[in-house]
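Okay, structure first, notes after.
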Amino acid sequence: MDAAQLKAKRGTVKALLTKTRDRITEECTLQQLEVYEQNVEGYRTRYDNIQDELDELITGDEREAQDDYRFDIYESITGIKVQILDYKNKLLGTFASNLRTNTSSPGTQLSTTSNLTFVPYQKDETFTNFIKRLETFMILKGNTDNKLKVYILLHALSPHMHEKLYNMCAPEEPITKDYDVLVEMLKDYFEPRPSVWSLQNRFICRTQEPNESIFEYATELKKLSQHCNFTCEKCKHCTANAFLTLQFIRGLQDTDIRIQLLQEKNDATFQEFINKAVTIEFSKSENQVMSTTVPTSTSFNVQPTSHQVKENHNSNYMRKPPNSKLETNDGYFSKLAGKCYRCGQENHKANVCKFRSEFCRKCNKLGHIGRVCMSQARVANYRKSHQVYDELPIQNEEYEVNVLHNAKSDKFMVNIHIEDRQFCMEVDTGAALSSISYADYKALNIDNKIFKTNVQMKTYTGETIKPKGVCFVTCRYKRQTFVGKLYIINQDVDPIFGRDWIREISLDWAEIKLLKSEENLQLEEILKMYEDVFTDKIGTIPNEKGCLILKPDATPIFFKPRPVPYSRKEKIEKELDRLEKDGILTKVEHSDWGTPIVPIDKPNGDIRICADYKVTLNKCIQDMNYPIPRIDDIFAQMNGDLASILHPLNQLLRKGWKFTWTGECERSFNKVKEEICNENVLVHYNPDLPVTLATDASPIGLGAVLSHRYPDGSDRPIAFASRALTICEKNYSQIDKEATAIYWGIKKFFQYVYGRKFILITDNKPLTTIFNPYKSLPALSATRMLHYALFLSGFDYTIEYKRTSEHGNADYLSRFPQEPPDVHVPDQIYRFQANQIGTLNTITHQTIKQETKVDPNLSVILDALETGKCLKSLGYENTEITLQDGCLLKGTRVMIPATLRSNILQELHTGHLGMVKMKALGRSYCYWQNMDRDIEEMVRKCKYCCEKQNNPPKVQSHPWEPTREPWQRVHIDFAGPVNGLFYFIIVDTFSKWVEVIPTKTTTTDFCIKELRRLFTNFGICLVLVSDNGPQFTSHVFKNFLNSNGVIHKLSPAFHPASNGQAERSVQTIKNHLHCMADEPGDINLKISRLLMQLRKVPNAEGMSPYMLMLGRDVRTRLDILMKPAVSLVPENKSYKVSRSFHEGDRVQVRNYTRESKWKFGNVKRKEGAVHYWILLDDGRLWRRHVDQMRPTHYGGEG
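FYI, the numbering for the sequence shown is 1 to 1198, going by the UniProt record's numbering.
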């Protein structure tokens, strides 16, 4: 691809960045911002790749312009990232703050979600997705009341779904049911869930479609796995990530991508595999575009001879190697988070910054100032990163070089040090470049970076070779040192010391050795001579016929064919036809034997047909074992104490040791002769004799004895083995140690026992049941036992029990281990169990260990595990309990001593999660008998868990018109009883001035008396708002207000939110008085202190109730420290009603009597913004809030 095409692609990336920047606004959701952030990172990666390719094509003055362009792009990316971080922080901070306010203050709602609207159910939408959107909407709106959630659900349903739900609930109405019940009913109807087996079958059959992208394929796999129930039956841990990763790799269409993914680390996550595959897929598509526009190497078919090689010796200008990225400061974006990226300040945004039209003094660019400029640091980093060697001086040229094994010419060899490692290379003056095979490069054990190269090499036979890459190495020959390019070839070739290195140093030709090599046939001659060996057809063994010898009592077994997925059936049939055509299989019409086939997927997508002879023929064939001899078979070892016996003799062989034959040496020599004559000396392996493997474990080591069982019943040893326990293994229970000895012994003598029948001998009786090949493992077995049992299932064995007194060989070896323990690397099971114990933050591992030893119940189990006793008498299976560093585990759960259970209960109760969640959490980590009962009892006794909180408001209350002066509108209400008293609360809406009067009576006379006193102090208010309490609706109270010219407004019945100012003050006063309950002083003193504090607190505009009510601030004890300055800012808020009715509209209104739920009528007139008078069909006139009304088509005829 030429420079013009690269610049066009670069311009496209810049345009995408501009579009992304324009789309980022304050209205963006958090999910949209995260998508934009990922897009920007992807654009940056694409730009880096394009710019790196462009840098290789440009030279001279144009490089400075490219640097400026790069800095402009990075400055644009910086601005976009800072902008995204600002909006994300704002969204997260506002949401968290409003969420805390919403949960602690039932009278308020999330301000940031007040304008949210919900899109109803769509035709092409799944019901599950609809419910997810709806529940997110209700969370953001603060709707947690069950009834309100039901109303919102009914409102959001489509007419068809609405009708279906009513039919399913008949004869009851949906409003009488819980929200969760309704959702489950709708899910069962619209999305009936198939069986788990069917879902799992769909999942494992899903592969990538021909025109499907990797990202779309991964998304479909995630969707299919949602209800597959991929969880471990034992520990209940989710295994979906492992299944997703396996099926993702297995179902990929591109073999190259699958091979590269299989080389990833085992701990890579599913998302990391997706990212890797998407990156490779994108690179391949880009490479395909480039290959269609860039001329092939044949158009540059220059073949210079040794005197015509064009080489660039100008080393004054050194360009950067390919794939080097511009170094940037990763912390730059985080430092600018929440700040303007143009100036670095926090009090404004970048789009209104006064420096957006200023020029930087450092880079002379528009839009920022010098203290936040990145150009200088980038220029330094960029130029520093470019001070490395260039790639190849000549691109797309072919060089004559002898890289294959030279068979006809003599070899002149030179010894040279490459990166301080001595290496022998062939000096070839006919080779323009120096090269080495990739295997030799790996053998040098150097980690220099390998760069890509377009150079091609041509051998003397005309073969063209493409190097794997080129690296820069430091070479030393005698006292001469230079840095040279070493080309790496991914073939078995000789190391070549070419002319490019010969020019760098002066060789001592006198010392160069001449090596003669034997003449061999040319490769072409060999291939021609043995062409039948290298054909594509399947080879055969001529003149030989194979036969299988059946056991005398063998009977034919016909196993029915196993079902295969329909998606693979066609491939299997084609492969069977091919095998039949090639003569590998012969079709028969009838057979007494029948073996099921096992189709295996090849990396290229084809099918390999295998047969499962394990269930049919293998059982009936006589064993023919021909094990490969080992050194142990030739030089038979004696018993496990050989090292101790030979110690005096081995001392004589040590370097620097004086050879002196002592009496101890004489005794050692005689002992060896006695052992040779002893019956315990090793015998040679005989495949015709039965084999036994005896294992044992002690507190310090493991022992194993491999023996032959002779016809007379005696056992003669073939080999001994022992080793010490690791630190981790010493903490195992005795049964785990015995199981580990079996596992280790089989791995030690794998060559002898695999593929044949053998007898396994142990002195632990429970293990004869656990590892019995004909019995299934108990369901509650420990994890380590399951692991060992799965390992043993691959062997053909029987297990025998032998008493310890008859188990002397293996027992002796385990108590005197010779081999050192394996490297102390805890296995996966050990790490998991240690993590389970470490999860219990309130209790340390040592505490559990100490308390377990003294616990009357657990100490008995601990003793049984350490001594290898049977656990069935204690009520447990032998495989159910395991030991981990002195702590007991039941499966994967830590067994808690009785003295520590209260601490665990307190930890589980943190946050007051409730019974169900506490049980679920406890069952994941810990265990004791009756744990569920203890959790239930604790929750029932918890005071805070038993208390009920106030229900949040259903919808946002209609705000009252703002008042412009004190005592213009006053809200009153009663609070209590609290501690035997009621509290008459009066609140001024303008100044938020609160009056609290304790009383034991709530009569009309008391209210009139206290209001008259307040009217005397502050004047008569214009409007008085109250609820419908009898003291406020009596004729005496109305006459009192009318005589004083006060407008009395009552909140609608059963709708206290309309008197929200007083209701909120009631909650505030009650909460504060509860908190002050234990403080000294009577109630009047507490009220006085509370009111002084409330009246002193400034509002959002900095004005306190004292200042707004009295026109001045009062002096409190806090004024001794400082006096805050306040400013008066008038409150100006507007309110828009979301729904309204007109006179004459047909409506149905809530009925709160014992009659029907709704009454029908017409709107008579509107009162205020949200109140209406309704003339009912029966002639009554009701006043209702808009929240208590809904339109209706019922005409009143029925």
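Ideal placement from N, C-alpha and C gives every residue a C-beta, glycine not left out.
Source: prediction; values computed, not measured.
| query | To which residues does DSSP link HIS1185 through a beta bridge? | reply | HIS1171
| said: If you follow the alpha helix (DSSP H) that SER1088 is in, where does it begin and where does it stop? | reply: 1083-1096
| said: Bridge partners for PHE758 per DSSP, in chain order? | reply: TYR797
| said: Is it buried or exposed, GLU729, if we count other Cβ atoms within 10 angstroms and call 16 or more buried? | reply: buried
| request: Could you tell me whether the region 748-766 touches the region 690-706, using the rule of 3 or more Cβ pairs below 8 Å? | output: yes
| request: On a CA-only basis, which of THR231, ILE257, LYS560 and ARG969 is nearest GLN200? Give me that one, please. | output: THR231
| request: Out of SER158, PRO1098 and ILE131, point me to the one whose CA is closest to VAL181's CA. | output: ILE131
| message | Excluding the 5 residues flanking GLY1161 on each side, which residues of the same chain have their C-beta closer than 6 Å to its C-beta? | response | ILE1174, LEU1175, LEU1176 and ASP1177
| Can SER434 and ASP500 be called in contact, C-beta distance under 8 Å? | yes
| said: Less than 8 Å between the C-beta atoms of TRP593 and LEU617, yes or no? | reply: yes
| query | Is it buried or exposed for CYS1021, if we count other Cβ within 10 angstroms and need 16 for buried? | reply | buried
| message | Just to confirm my understanding: we take VAL403, look at its own chain, exclude 5 residues before and 5 after, and list those with CB closer than 8 Å. What are they? | response | Confidence at VAL403 is low in this model, with a pLDDT of 46, below 50, so its placement is unreliable and no value can be given for it.
| query | Hey, how far is the Cα of VAL978 from the Cα of ASN167? | reply | 48 Å
| Proximity below 8 Å, CB of CYS471 to CB of PHE482 | no
| Helix, strand or coil: how does DSSP classify GLY539 here? | coil
| Quick one: what's got a C-beta closer than 8 Å to TYR876's C-beta in the same chain, skipping five residues either side? | ILE861 and LYS890
| When the distance is taken between beta carbons, is ARG964 closer than 8 Å to VAL1023? | no
| field | SER437 in three-state terms, based on DSSP | value | strand
| said: If the criterion is Cβ atoms closer than 8 Å, does the pair PRO210 and GLN253 meet it? | reply: yes
| Close beta carbons around ALA898, own chain, < 7 Å, minus the five adjacent residues each side | ASP855
| said: Can you tell me whether ILE512 is helix, strand or coil according to DSSP? | reply: coil
| said: My output table needs one value for SER198: the three-state DSSP class, helix, strand or coil. | reply: helix
| said: Taking the alpha carbon of HIS348 as the reference point, which residue from GLN83, GLN906, ASN275 and CYS942 has its own alpha carbon closest? | reply: GLN83
| Nearest-angstrom Cα separation, counted from HIS807 out to SER722 | 15 Å
| request: Please report the residue range of the beta strand (DSSP E) in which VAL598 lies. | output: 597-601
| said: Quick check: the Cα distance between LYS869 and GLN906, rounded to an integer number of angstroms? | reply: 35 Å
| Reduced DSSP category for TYR983 - H, G, I as helix; E, B as strand; rest coil | strand
| In the structure shown, what three-state DSSP assignment does TRP501 receive? | helix
| message | Tell me the DSSP secondary structure of GLY484 in three-state form. | response | strand
| Which value, in whole angstroms, describes the spacing of the CA atoms of ASP973 and MET1076? | 21 Å
| Opening and closing residue of the beta strand (DSSP E) in which ARG893 lies | 893-895
| field | Cβ-based burial, LYS141 [other Cβ within 10 Å; buried from 16] | value | buried
| Does DSSP put TRP657 in a helix, a strand or coil? | coil
| Roughly how many angstroms lie between the CA atoms of ASP178 and MET185, to the nearest whole one? | 11 Å
| said: To the nearest angstrom, how far is the alpha carbon of GLU531 from that of GLU525? | reply: 10 Å
| said: If we require 4 or more residues per run, which alpha helix (DSSP H) segments fall completely within the region 107-192? | reply: 127-140, 146-156, 159-169 and 179-190
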